[in-house]
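Going by UniProt numbering, the letters in the sequence shown line up with residues 1 to 598, in that order. We treat Cβ as the ideally placed atom computed from N, Cα and C, and that holds for glycine. Worksheet: one structure, shown below.
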Amino acid sequence: MLEWKAGLFSTLKLYPYRPDRWLARYSASAGRPAIYEDKTLGAWAADLRRAFPLADHASIEALTAICSLVSVPAGISLIVEGEQPEAVYVVVTGQFAAGQPRAGGSERFGAGDVIGDIGFLTGAAETITVRALRNSELLRIARQDLHAVAARCPGVLMAVCSGAVQRLQGVQTASARLPKFHTFCFVPADGTLDIGPVVQQIAVNLEAFGKVAVVAPGQTAEQSPGWLSDIEKCSDFVLFQAEYGHTVWTRFCIRQSDRIVLLAHGEADPGDGPAMGGGQLEVPRDTPLSLMLLWQDGIVPARTTQWLKSVNPSRHYHIRCDLDFERASRLIAGRGVGLVLSGGGARALAHIGVIHALAEHGIPVDAIGGTSVGGIVAAVFALEWNLATTVRALAMAFNRRRFTDFAVVPRTALYSERAFVRTLGHCFGSFSIEDAPIPLFCVSTNLTDGVAAVHRTGPLVTWLRATSAVPGICPPIMERNAVYVDGGVLNNMPTDAIHDFGVASVIAVDVGATLEQQARADGETVLPSILDLLWRVGTIGSDTAANQIRPDRDVLLKPAVEDIGLFDWNTRERAIEAGYQAAIGQLDQIKAALARIR
């Protein structure tokens with residue numbers, strides 16, 4: 001997995017006998033592995049250059065001379081809110097969480113990040129608490145030493161200031177802002193599951209993004225000081241293969257990892273939770289837990305829900321074939337590609353054309369979600385159903401000529417929507433959002449609390465009804481003692497909701513339209529219909545969502561569907577073609593955005 005310098009190594013695996021004794025098994029003709037070299041000033045200089053890329057050679061030398069290496073165990077606070085700043089730190093290995101404990105902050109720092117520079121520049125008491133999420137190493141630069149060096153070498157102060165300003169302004173490069181997860185612990189949920197081949201397959205897939213080291217239990221040992229730190233510094237990803245049960249090795253792996261991945265047979269009964277040698281899997285606070293379900297004969301819907309209730313993971317992955325492994329690997333590494341589909345009535349059928357174009361040109365979609373009809377198209381795609389056939393049936397149900405159940409005395413909406421609800425039930429049945437092989441979400445608006453609600457689990461029919469319930473046109477959904485309507489009321493382009501899946505780059509498709517675009521036809525002013533007016537009133541509050549697009553690694557597609565009415569479902573072929581052409585027209589931009597996250 002790991003390409004070592006001088007071409008000495010092609011694959012590295014570490015086999016522990018017990019936690020204090022190790023052996024590196026490698027194929028080399030001569031010499032000692034680079035990972036066992038002692039710490040040197042030169043090695044620290046490399047860490048400093050990564051943290052301060054604008055610093056000149058003299059500044060790096062000056063900083064190197066006043067550095068000291070410190071180790072921080074998992075759970076220990078490096079900086080405490082209210083205390084006076086004592087030092088500036090550069091993360092060498094590990095993971096830290098920063099925030100105000102009372103407010104539940106969650107900013108993270110990983111290798112190459114600087115901690116404490118704002119306090120150094122302002123001299124004020126610390127405003128956040130920074131805690132180690134796992135065993136970590138940092139370079140410590142005492143505040144008084146940094147002041148003294150900065151007085152002699154102005155470049156040092158400039159380097160510290162520039163880094164702090166860049167972070168405050170949010171103008172870091174795309175690669176610098178990618179997730180800081182580098183070490184992963186894979187844990188079997190039962191003793192019959194051999195996770196070795198699974199970890200190996202994920203390692204192979206991750207090689208597309210950098211150097212990978214797999215650390216697995218074994219038989220022989222020979223200790224080397226600092227082996228783990230050096231492996232992490234030389235690798236982009238470190239995969240720990242844990243054992244079943246509460247063994248010393250498994251606990252060690254968990255403490256060293258940024259993310260825990262629990263592997264289980266999907267068909268198995270989760271019971272009250274994954275038994276780990278007679279007890280529950282213990283995951284440190286703030287360490288994300290993912291669930292990977294391995295299926296032999298296809299996904300069993302009810303079983304997925306049981307596993308999620310038992311484990312309560314932040315993410316889950318369905319594994320049935322190699323394509324699922326590739327998708328899960330990208331999402332685990334935080335290099336996934338997401339597709340977000342806006343609402344827009346009949347115009348949203350353009351999303352089908354976009355999906356066809358992406359598939360034709362090998363653009364992966366690792367997670368998908370949307371609002372209103374965009375959410376429905378996303379659900380069909382995530383379930384890997386035939387898009388054209390399924391959406392055609394839904395479009396027929398949506399067609400206003402089929403709204404034969406017009407509300408004679410409208411209390412909550414113009415239509416009772418019985419035909420559409422029947423079609424949704426026929427298409428999606430008892431499926432839940434979490435059953436989708438491709439990670440899926442849809443967005444509705446919780447009118448009771450006045451917030452946008454992101455649905456990643458729950459009955460598909462219920463939440464697809466909610467996400468497409470345009471206020472005044474379709475009845476709202478009563479669920480969980482709250483009233484839910486179309487997600488477009490607050491967030492018609494929910495690009496912010498997809499990043500929790502592990503997505504680094506987003507392709508967003510906007511098919512919404514203003515009334516100005518609809519109000520002119522052949523030079524004559526045409527008044528919008530009552531349905532168009534109600535839809536526009538219901539979604540005007542989410543017009544700023546497109547501002548969340550990041551031009552360095554996101555792409556916004558706007559198919560030419562302005563001449564298609566919001567409820568003109570008979571123009572679906574024209575809408576699909578418009579979506580296809582929009583994606584083809586920006587194909588180079590899409591590929592460039594994806595290249596920047598590799």
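With H, G and I counted as helix, E and B as strand and the rest as coil, what does DSSP make of residue i?
{"i": "residue 202", "result": "helix"}
{"i": "residue 603", "result": "Any answer about residue 603 is impossible in this case: the structure gives the chain only from 1 up to 598."}
{"i": "residue 679", "result": "Residue 679 is absent from the structure shown; the chain starts at 1 and stops at 598."}
{"i": "residue 258", "result": "coil"}
{"i": "residue 181", "result": "coil"}
{"i": "residue 301", "result": "helix"}
{"i": "residue 102", "result": "Any answer about residue 102 is weak, because its pLDDT of 39 lies below 50 and its placement is not dependable; what the coordinates show is given next. Coil at residue 102, not helix or strand."}
{"i": "residue 240", "result": "strand"}
{"i": "residue 596", "result": "coil"}
{"i": "residue 193", "result": "coil"}
{"i": "residue 158", "result": "helix"}
{"i": "residue 136", "result": "strand"}
{"i": "residue 131", "result": "strand"}
{"i": "residue 507", "result": "strand"}
{"i": "residue 560", "result": "coil"}
{"i": "residue 432", "result": "strand"}
{"i": "residue 268", "result": "coil"}
{"i": "residue 474", "result": "coil"}
{"i": "residue 93", "result": "strand"}
{"i": "residue 501", "result": "helix"}
{"i": "residue 454", "result": "strand"}
{"i": "residue 588", "result": "helix"}
{"i": "residue 283", "result": "coil"}
{"i": "residue 644", "result": "Outside the modelled stretch of the chain, which goes from 1 to 598, sits residue 644, for which no answer is possible."}
{"i": "residue 496", "result": "helix"}
{"i": "residue 490", "result": "coil"}
{"i": "residue 440", "result": "strand"}
Apart from the five residues on each side of it in sequence, which residues of its chain come closer than 8 angstroms, Cβ to Cβ, to residue i?
{"i": "residue 586", "result": "555 and 557"}
{"i": "residue 638", "result": "Absent from the model: residue 638. The displayed extent of the chain is 1 to 598, so no value can be given."}
{"i": "residue 184", "result": "237, 238, 239, 240, 257, 258, 259, 260, 261 and 332"}
{"i": "residue 449", "result": "482"}
Provide the residue span of the alpha helix (DSSP H) that contains residue i, from first to last.
{"i": "residue 580", "result": "572 to 585"}
{"i": "residue 145", "result": "143 to 152"}
{"i": "residue 67", "result": "Where residue 67 is concerned, there is no enclosing alpha helix (DSSP H), although the beta strand (DSSP E) it sits in stretches over 67 to 72."}
{"i": "residue 290", "result": "Element bounds for residue 290: not the alpha helix (DSSP H) but the beta strand (DSSP E), 289 to 294."}
{"i": "residue 467", "result": "460 to 467"}
{"i": "residue 122", "result": "117 to 122"}
{"i": "residue 228", "result": "227 to 234"}
Name the two residues that bound the continuous beta strand (DSSP E) containing residue i.
{"i": "residue 79", "result": "77 to 79"}
{"i": "residue 108", "result": "107 to 109"}
{"i": "residue 479", "result": "477 to 479"}
{"i": "residue 486", "result": "482 to 486"}
{"i": "residue 213", "result": "212 to 215"}
If you drop the 5 nearest sequence neighbours on each side, which residues of the same chain put their C-beta closer than 6 angstroms to that of residue i?
{"i": "residue 173", "result": "Below a pLDDT of 50, predicted positions are generally treated as unreliable, and residue 173, at 43, falls in that range; the measurement from the model is reported next regardless. For residue 173, where only same-chain residues beyond five positions count, there are no Cβ hits under 6 angstroms."}
{"i": "residue 117", "result": "88, 160 and 164"}
{"i": "residue 495", "result": "340, 506, 508 and 548"}
{"i": "residue 95", "result": "110, 133, 134 and 258"}
{"i": "residue 162", "result": "54"}
Among the residues of its own chain, which have a CB less than 7 angstroms from the CB of residue i, if the five just before and after it don't count?
{"i": "residue 62", "result": "149, 153 and 156"}
{"i": "residue 590", "result": "363, 507 and 555"}
{"i": "residue 141", "result": "63, 66, 67, 87 and 88"}
{"i": "residue 126", "result": "79, 80, 81, 82, 83, 85 and 119"}
{"i": "residue 90", "result": "47, 48, 51, 114, 138 and 139"}
{"i": "residue 345", "result": "373, 535, 566 and 567"}
{"i": "residue 497", "result": "369, 441, 443 and 454"}
field: Segment contact, 8 angstroms Cβ cut-off, at least three pairs: the stretch 204 to 218 with the stretch 238 to 250
entry: yes
task: Mind the definition here: the stretch 322 to 337 touches the stretch 462 to 473 only if three or more C-beta pairs lie below 8 angstroms; say whether that holds.
output: no
- request: Identify every run of the alpha helix (DSSP H) within the stretch 311 to 374, keeping only runs that are complete inside it and at least 4 residues long; order them along the chain.
  value: 322 to 332 and 350 to 360
- request: Flag this pair as touching only if the stretch 374 to 394 and the stretch 352 to 360 have three or more C-beta atom pairs under 8 angstroms; answer yes or no.
  value: With the cut-off at 8 angstroms, the stretch 374 to 394 and the stretch 352 to 360 touch.
query: Counting Cβ pairs closer than 8 angstroms, one from the stretch 471 to 491 and one from the stretch 302 to 317, do we hit at least three?
result: No, they do not touch.
- prompt: Counting pairs of Cβ atoms below 8 angstroms between the stretch 118 to 130 and the stretch 59 to 66, do you hit three or more?
  reply: Remark: fewer than three beta-carbon pairs, one from each stretch, lie closer than 8 angstroms, so the stretch 118 to 130 and the stretch 59 to 66 are not flagged as touching.
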